[in-house]
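*Asks:* Numbering (numbering that gives the first Met the number 0), first residue to last: 0 to 723.
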Amino acid sequence: MNNLQRYTITAALPYTNGPVHIGHLAGVYVPADIYARYLRNTGNDVIYICGTDEHGVPITLKAKKEGVTPQDIVDKYHAIIKKSFQDFGISFDNYSRTTAKVHHDTASEFFKKLYNEGKFIEETSEQLYDAEANQFLADRFVVGTCPKCGNEESYGDQCESCGTSHNATDLINPTSAITGNVPTTKVTKHWYLPLDKYEKWLREWIVEGHKNDWKTNVLGQVKSWLDDGLKPRAVTRDLDWGIPVPVEGAEGKVLYVWFDAPIGYISSTKEWAKREGKDWEPYWKDKDTKLIHFIGKDNIVFHCIIFPAMLKAEGSYILPENVPANEFLNLEGNKISTSKNWAVWLHEYLEDFPDKQDVLRYALTANAPETKDNDFTWKDFQARNNNELVAIFGNFINRVVVLTNKYYEGVVPKPNEFSDVDKETLEKLRKFPSIIASSIERYRFREASQELLNLARLGNKYLADEEPWKQIKENPERVKTILYVALQIATGLSIVCEPFLPFTSVKLKGILNIRHYEEGNDEVISSDNEIATTQPVESRNDNVSSSNSTKENCIENTWNSVSEKTELIASNHKIRKAELLFAKIEDSEVQAQLDKLEATKLANEAENKIIAPQKETIEFDDFTKLDIRVGTIIEAIKVPKTKKLLQLKVDVGLDIRTIVSGIAESFKPEDIIGQKVTVLVNLAPRKLRGVESQGMILMADTPDGKLAFIEPENDSVSNGEQIS
Numbered sequence: 000m001n002n003l004q005r006y007t008i009t010a011a012l013p014y015t016n017g018p019v020h021i022g023h024l025a026g027v028y029v030p031a032d033i034y035a036r037y038l039r040n041t042g043n044d045v046i047y048i049c050g051t052d053e054h055g056v057p058i059t060l061k062a063k064k065e066g067v068t069p070q071d072i073v074d075k076y077h078a079i080i081k082k083s084f085q086d087f088g089i090s091f092d093n094y095s096r097t098t099a100k101v102h103h104d105t106a107s108e109f110f111k112k113l114y115n116e117g118k119f120i121e122e123t124s125e126q127l128y129d130a131e132a133n134q135f136l137a138d139r140f141v142v143g144t145c146p147k148c149g150n151e152e153s154y155g156d157q158c159e160s161c162g163t164s165h166n167a168t169d170l171i172n173p174t175s176a177i178t179g180n181v182p183t184t185k186v187t188k189h190w191y192l193p194l195d196k197y198e199k200w201l202r203e204w205i206v207e208g209h210k211n212d213w214k215t216n217v218l219g220q221v222k223s224w225l226d227d228g229l230k231p232r233a234v235t236r237d238l239d240w241g242i243p244v245p246v247e248g249a250e251g252k253v254l255y256v257w258f259d260a261p262i263g264y265i266s267s268t269k270e271w272a273k274r275e276g277k278d279w280e281p282y283w284k285d286k287d288t289k290l291i292h293f294i295g296k297d298n299i300v301f302h303c304i305i306f307p308a309m310l311k312a313e314g315s316y317i318l319p320e321n322v323p324a325n326e327f328l329n330l331e332g333n334k335i336s337t338s339k340n341w342a343v344w345l346h347e348y349l350e351d352f353p354d355k356q357d358v359l360r361y362a363l364t365a366n367a368p369e370t371k372d373n374d375f376t377w378k379d380f381q382a383r384n385n386n387e388l389v390a391i392f393g394n395f396i397n398r399v400v401v402l403t404n405k406y407y408e409g410v411v412p413k414p415n416e417f418s419d420v421d422k423e424t425l426e427k428l429r430k431f432p433s434i435i436a437s438s439i440e441r442y443r444f445r446e447a448s449q450e451l452l453n454l455a456r457l458g459n460k461y462l463a464d465e466e467p468w469k470q471i472k473e474n475p476e477r478v479k480t481i482l483y484v485a486l487q488i489a490t491g492l493s494i495v496c497e498p499f500l501p502f503t504s505v506k507l508k509g510i511l512n513i514r515h516y517e518e519g520n521d522e523v524i525s526s527d528n529e530i531a532t533t534q535p536v537e538s539r540n541d542n543v544s545s546s547n548s549t550k551e552n553c554i555e556n557t558w559n560s561v562s563e564k565t566e567l568i569a570s571n572h573k574i575r576k577a578e579l580l581f582a583k584i585e586d587s588e589v590q591a592q593l594d595k596l597e598a599t600k601l602a603n604e605a606e607n608k609i610i611a612p613q614k615e616t617i618e619f620d621d622f623t624k625l626d627i628r629v630g631t632i633i634e635a636i637k638v639p640k641t642k643k644l645l646q647l648k649v650d651v652g653l654d655i656r657t658i659v660s661g662i663a664e665s666f667k668p669e670d671i672i673g674q675k676v677t678v679l680v681n682l683a684p685r686k687l688r689g690v691e692s693q694g695m696i697l698m699a700d701t702p703d704g705k706l707a708f709i710e711p712e713n714d715s716v717s718n719g720e721q722i723s
C-alpha cells in the first residue's frame with residue numbers, strides 16, 4: 000500500500016472531431032479512472048484532470064466538409080463527449096476544453112515566458128502552399144507518401160501506418176487535402192522548440208532514470224526517437240483556428256495544437272482550483288506531487304519528449320512520475336476508425352445497453368491492450384458478462400443475500416466459534432486489498448480485475464464447501480457463522496470493487512444497506528444517495544451526505560478498512576432483499592451489434608468502391624450485333640482444380656448449351672439450379688480448362704465483393720426471349 004500522497008492524474012484530451020469510442024476507453028479513460036478512484040479510496044489527495052482538445056487542422060477540415068464553423072464542430076462533440084463520460088461514470092475532478100478563456104490565457108502565458116527567455120528558435124523557411132485555396136498546408140491539409148514506410152496516404156504531420164512524425168515538406172508527392180492540387184512552396188516564419196538541446200537530458204531522465212519502472216513499450220519508443228536524433232520542432236502554424244501566437248509579427252499564426260493541448264492539463268487544473276477555492280500550483284509545481292499521464296501509444300512522443308521538454312524549458316513545473324501508455328484496441332479483427340465509422344461509440348452503447356456501464360468497464364479492463372494490441376469482440380463481451388460478472392460475482396452476492404433473508408429475515412447473524420476454514424477465509428479476505436493494490440500501483444489493471452474476481456470466487460468456494468443450505472437443519476448454529484463470514488466477503492467486495500465497478504458498488508451497498516463514514520468526519524454518507532458520479536464532470540463529488548443518517552451500523556468505507564477491520568458488517572444489522580447485480584446478455588443483443596457493424600462495413604465498401612470508367616463509345620449497329628437472351632440454369636458443377644469456375648448447362652430457348660462461368664466464389668452449384676439468367680448467346684466459343692464455353696452469363700458486382708445475377712423482373716418471361 001502506498002503512503003498518503005498528492006497526485007495529479009491526467010487523461011489524454013479527446014479530440015473533438017468525433018465521439019468517444021471503446022478504443023479511447025480501454026486505452027486511456029477506464030484505467031485512469033480505476034487508478035484515480037483507488038487512490039481516493041486509499042486516502043490520497045487526488046485530482047483527475049481532462050478536457051476536450053479543440054484546435055488543429057482536422058477540425059477545420061471537418062467544418063469545411065460539413066459547411067459549418069470550427070466552433071460549431073467542437074461545441075457539438077464537446078457536448079457529446081462530456082455527457083458520455085458523465086453517464087459512464089468517469090470521475091474527472093475537472094473536465095474543461097481548450098477553447099476556454101482560461102486555456103487561451105494559460106497557453107499564451109506559457110509561450111510568452113519561453114519566448115521572452117529566448118527558449119525558441121525563430122526561422123524563416125519555405126512551406127507547402129496551395130495557391131488556389133490561398134493557404135499554407137500544415138499537418139492534415141496535405142497528404143502524400145511517407146518517406147519512411149511508403150504509405151501513400153500519410154498526413155503532413157504523422158503517418159498513421161508506421162506512426163512516424165514528420166513535417167509536411169518531408170512527404171513524397173504531396174497533394175493538397177483541400178483542392179487536390181500539387182502544392183507550391185512559399186516563405187513563412189515560425190518559432191521552434193530546439194528539442195535537440197534536451198536530447199541528453201531526456202535520455203538520462205527517461206531511458207536511464209526510468210528503465211526499471213516505465214513500461215517497455217514507452218521506453219522503446221522514446222529510445223527510438225532519441226537514437227534517431229531530435230530536431231527543432233515548430234510550435235506555431237499558419238492557420239486561422241487556434242490560439243493566436245501572442246507576439247508581434249505573428250499575425251495569421253496560431254500555436255501548434257500539440258504545443259497548446261498538453262497545457263490544457265494545467266489550465267483545466269486552474270479552472271478546478273478556482274471553483275474549489277484551492278491553490279493549483281502544488282499540483283503542478285510541488286516536488287512531492289506525483290504527476291501521471293494516461294495516454295495511448297500514439298501520444299507517447301508528445302508526453303514523453305515534447306511536453307517534458309516544454310516543462311523543462313519553462314523551469315518551474317514537475318515532470319511526470321510515469322506515463323503508462325497502452326497499445327491499441329481493435330474491433331472484431333479490424334482497426335477502429337472514426338472516419339470509417341468502424342467503432343463502438345460510447346454514447347450509442349449507453350443507449351443500447353442501459354445501466355450496463357460496469358459491464359463495458361469490466362470487459363475493457365479484463366481485455367485491456369496493456370502490452371500489445373488486443374481485439375474487442377461482442378462475443379467476448381457477452382462471455383465476460385455472463386460467465387464472470389453474472390456467474391461468479393453476481394451469483395455469490397445473490398446466494399448470500401437470499402440465504403440471509405430466508406433464514407434470518409435479512410438480519411446479519413451473530414457468529415459462533417470460528418472454524419479453521421472460517422479463519423483462513425477471513426484472512427484471505429484481508430489480503431485481497433493489498434494484492435489488488437499491488438497490481439493497480441504497477442498499472443496492471445487486467446491483473447487487478449481478475450484478482451477482484453478471485454475475491455468473489457473465494458466467496459463462492461466458501462459457500463459451496465460449507466453448504467449452509469444443507470446444514471441449516473442439522474447444525475443451524477453453524478450456518479450463522481457461515482453466513483456471517485460470507486457477508487464480510489460481500490461487504491469487502493462492495494468496497495474494493497468500487498474503482499472497477501462503481502455503479503455495482505453503489506448497488507451492492509444499497510442491497511447490504513450499509514452506510515459509511517470517514518474518520519474525523521461527522522457526516523454520515525448514505526448508500527441510498529451515493530452515486531458513482533452522475534453529476535456534472537466539471538465537479539466530481541463522490542459522496543452525497545444524508546442528514547437523516549446516524550453512525551449506527553455504519554462502516555468505515557475505505558480500502559484499508561477491509562484489511563484492518565475485524566468486522567466489516569456487524570451482527571444484527573439488517574440487509575435488504577436480493578437484487579440481481581448483473582443481467583445476462585442474450586445472443587439477440589449481441590447479434591444486433593454485429594449486424595450494425597456489418598451494415599457499416601457494407602456502407603464503407605460501397606462508398607469506397609471504384610466505379611470502372613465508361614468504355615469507348617460504340618455505334619448503335621455495334622450494339623445490335625449482341626444477341627442477349629433469357630435462360631435458365633439446369634445443371635451446375637465445379638470445374639476440377641479451379642476456385643472460381645462453374646460448368647453450367649443453360650436452357651437458352653434456342654438450345655441447351657454449356658457455359659463456363661467464374662462465379663464459384665459467390666454461389667454453390669446446388670443453390671443455382673433453376674436460376675433465371677441473362678446470356679450473351681452469340682459470343683464465339685472458347686475453351687476454358689478443357690471445357691468449351693458457348694456463351695457468357697451477365698453478372699453485376701455487389702458492395703460486399705460478390706456477384707449477382709442479372710435476371711428478368713417478371714418470372715413469366717420464357718427462355719429464349721431477347722433482351723433489347
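Quick reminder that beta carbons are idealized off the backbone N, C-alpha and C, glycines included.
Measuring CB to CB, does residue 317 end up less than 8 Å from residue 290?
*Replies:* Looking up residue 317 in the sequence shown gives position 318. Looking up residue 290 in the sequence shown gives position 291. The answer is yes: Cβ separation under 8 Å.
*Asks:* For residue 195 and residue 255, what's the separation of their Cα atoms in angstroms?
*Replies:* Walking along the sequence shown from the start, residue 195 turns up at place 196. Walking along the sequence shown from the start, residue 255 turns up at place 256. Distance between residue 195 and residue 255, taken at the CA atoms: about 19 Å.
*Asks:* If we ignore side chains and look at the alpha-carbon of each, how far apart do residue 30 and residue 375 end up?
*Replies:* By one-based count along the sequence shown, residue 30 stands at place 31. By one-based count along the sequence shown, residue 375 stands at place 376. Computed Cα separation, rounded: 16 Å.
*Asks:* Is there contact here, the segment 121 to 129 with the segment 172 to 179, by at least three beta-carbon pairs under 8 Å?
*Replies:* yes
*Asks:* With distance defined between alpha-carbon atoms, name the residue in 451, 476, 506 and 468 nearest to residue 488.
*Replies:* Within the sequence shown, residue 488 is the residue found at index 489, counting from 1. If we check each option's Cα against that of residue 488, 451 comes out closest.
*Asks:* For the structure I just gave you, are there three or more beta carbon pairs, one from the segment 25 to 45 and one from the segment 357 to 373, closer than 8 Å?
*Replies:* yes
*Asks:* Measuring alpha carbon to alpha carbon, tell me which of 373, 352 and 205 ends up nearest residue 330.
*Replies:* The residue you call residue 330 lines up with position 331 of the sequence shown. Of the listed residues, the one whose Cα sits closest to residue 330 is 373.
*Asks:* Apart from the five residues just before and just after residue 39, which ones in its own chain have a Cβ nearer than 6 Å to its Cβ?
*Replies:* If you number the sequence shown from 1, residue 39 lands on position 40. If we look at residue 39 and ignore the five residues flanking it on each side, its Cβ neighbours are 45.
*Asks:* Taking all protein chains shown into account, decide if residue 717 is buried (16 or more other Cβ within 10 angstroms of its Cβ) or exposed.
*Replies:* Along the sequence shown, one-based indexing puts residue 717 at 718. Its Cβ having fewer than 16 others within 10 Å, residue 717 is exposed.
*Asks:* Buried or exposed: which applies to residue 276, given that a residue is buried once 16 or more other Cβ atoms fall within 10 Å of its Cβ?
*Replies:* By one-based count along the sequence shown, residue 276 stands at place 277. Its Cβ having fewer than 16 others within 10 Å, residue 276 is exposed.
*Asks:* Is it right to say residue 587 is buried, meaning 16 or more other beta carbons lie within 10 angstroms of its own, or is it exposed?
*Replies:* Here residue 587 refers to the residue found at position 588 of the sequence shown. The residue is exposed, with fewer than 16 neighbouring Cβ atoms inside 10 Å.
*Asks:* Contact between the segment 141 to 152 and the segment 208 to 223: three or more CB pairs below 8 Å?
*Replies:* no
*Asks:* DSSP three-state label for residue 648, please.
*Replies:* As a first step, residue 648 must be located in the sequence shown, where it is residue number 649. Strand at residue 648.
*Asks:* Residue 328: which of 17, 368, 113 and 69 sits nearest, CA to CA?
*Replies:* Position 329 of the sequence shown holds residue 328. Cα-wise, what sits closest to residue 328 is 368.
*Asks:* Please state whether DSSP places residue 442 in a helix, a strand or coil.
*Replies:* Against the sequence shown, residue 442 aligns to sequence position 443. Coil.
*Asks:* Please tell me whether, using a cut-off of 7 Å, the distance from the CB of residue 598 to the nearest non-hydrogen atom of the ligand ZN is below it.
*Replies:* The ligand ZN is not part of the structure shown, which contains no ligands of any sort.
*Asks:* Can you tell me whether DSSP reads residue 293 as helix, strand or coil?
*Replies:* Mapped onto the sequence shown, residue 293 falls at position 294. Residue 293 falls in the strand class under three-state DSSP.
*Asks:* Ignore the nearest five residues each way along the sequence and tell me which others in residue 498's own chain have a CB closer than 6 Å to its CB.
*Replies:* Counted from its first residue, the sequence shown places residue 498 at position 499. Excluding sequence neighbours, residue 498 sits near 33, 36 and 37.
*Asks:* For residue 126, which residues does DSSP report across the bridge?
*Replies:* Here residue 126 is taken as the residue at index 127 of the sequence shown, counted from 1. Paired residues: 185.
*Asks:* Apart from the five residues just before and just after residue 272, which ones in its own chain have a Cβ nearer than 7 Å to its Cβ?
*Replies:* Start at 1 with the first residue of the sequence shown, and residue 272 comes out as number 273. Beyond the five residues adjoining it in sequence on each side, residue 272 comes within less than 7 Å, by CB distance, of 278 and 279 in the same chain, given in chain order.
*Asks:* Can you round the beta-carbon distance between residue 269 and residue 105 to whole angstroms, since I take them to be within the 8 Å contact cut?
*Replies:* Counting from 1 along the sequence shown, the entry for residue 269 is found at position 270. Counting from 1 along the sequence shown, the entry for residue 105 is found at position 106. Correct: roughly 6 Å between the Cβ atoms.
*Asks:* Is residue 13 near residue 79, with beta carbons less than 8 Å apart?
*Replies:* The sequence position of residue 13 within the sequence shown is 14, counting from 1. The sequence position of residue 79 within the sequence shown is 80, counting from 1. No; because the gap between Cβ atoms is not below 8 Å, this pair is not in contact.
*Asks:* Answer yes or no: do residue 411 and residue 571 have a C-beta to C-beta separation smaller than 8 Å?
*Replies:* In the sequence shown, counting from the first residue as 1, residue 411 sits at position 412. In the sequence shown, counting from the first residue as 1, residue 571 sits at position 572. For residue 411 and residue 571, yes; Cβs fall inside 8 Å.
*Asks:* Are there 16 or more other CB atoms within 10 angstroms of the CB of residue 186, so buried, or fewer, so exposed?
*Replies:* Within the sequence shown, the letter at position 187 stands for residue 186. With fewer than 16 other beta carbons inside 10 angstroms of its own, residue 186 counts as exposed.
*Asks:* Should residue 140 and residue 190 be called a contact, given that it needs their Cβ atoms to be closer than 8 Å?
*Replies:* Taking the sequence shown and counting its residues from 1, one reaches residue 140 at position 141. Taking the sequence shown and counting its residues from 1, one reaches residue 190 at position 191. It is not a contact, given that the beta carbons lie outside the stated cut-off.
*Asks:* Which runs of the beta strand (DSSP E) spanning at least 3 residues fall entirely within the segment 230 to 270, listed in chain order?
*Replies:* 235 to 237 and 252 to 254
*Asks:* In this structure, what does DSSP give as the bridge partners for residue 94?
*Replies:* One-based indexing of the sequence shown puts residue 94 at position 95. Looking at the DSSP assignment, residue 94 forms a beta bridge with 49.
*Asks:* Below 8 Å CB to CB, which residues in the same chain sit around residue 551 once its five sequence neighbours on both sides are set aside?
*Replies:* Walking along the sequence shown from the start, residue 551 turns up at place 552. For residue 551, the predicted structure reports a pLDDT of 48, less than 50, and the residue's modelled location is therefore unreliable. A value from the coordinates is still provided. So the list is empty, once near-sequence residues are dropped.
*Asks:* Check residue 13 in the structure and name its three-state DSSP category.
*Replies:* The residue labelled residue 13 in the question sits at position 14 within the sequence shown. Correct three-state label for residue 13: coil.
*Asks:* How should residue 692 be labelled, buried or exposed, when 16 other C-beta atoms within 10 angstroms of its C-beta is the threshold for buried?
*Replies:* Here residue 692 is taken as the residue at index 693 of the sequence shown, counted from 1. Sixteen is the threshold: when 16 or more other Cβ atoms of the shown chains lie within 10 Å of the Cβ of residue 692, as they do, the residue is buried.
*Asks:* Report yes or no: do the segment 394 to 412 and the segment 477 to 495 share at least 3 C-beta pairs separated by less than 8 Å?
*Replies:* yes
*Asks:* Does chain D have any CB closer than 8 Å to the CB of residue 59?
*Replies:* Judged by its chain identifiers, the structure shown contains no chain D, having just a single protein chain.
*Asks:* Throw me the rounded Cβ distance for the residue 559 and residue 432 pair, which I believe falls under 8 Å.
*Replies:* Numbered from its first residue, the sequence shown carries residue 559 at position 560. Numbered from its first residue, the sequence shown carries residue 432 at position 433. Confirmed, Cβ separation roughly 7 Å.
*Asks:* State the DSSP-derived secondary structure class of residue 678, mapped to helix, strand or coil.
*Replies:* As a position in the sequence shown, residue 678 is number 679, starting the count at 1. Here residue 678 sits in strand by DSSP.
*Asks:* Does DSSP put residue 630 in a helix, in a strand, or in coil?
*Replies:* The count along the sequence shown starts at 1 and reaches residue 630 at position 631. In this structure, residue 630 counts as strand in the three-state DSSP scheme.
*Asks:* Extract the residue ranges of the alpha helix (DSSP H) inside the segment 343 to 398, only unbroken runs of 4 or more that lie entirely within it.
*Replies:* Correct list: 345 to 351, 356 to 365 and 377 to 382.
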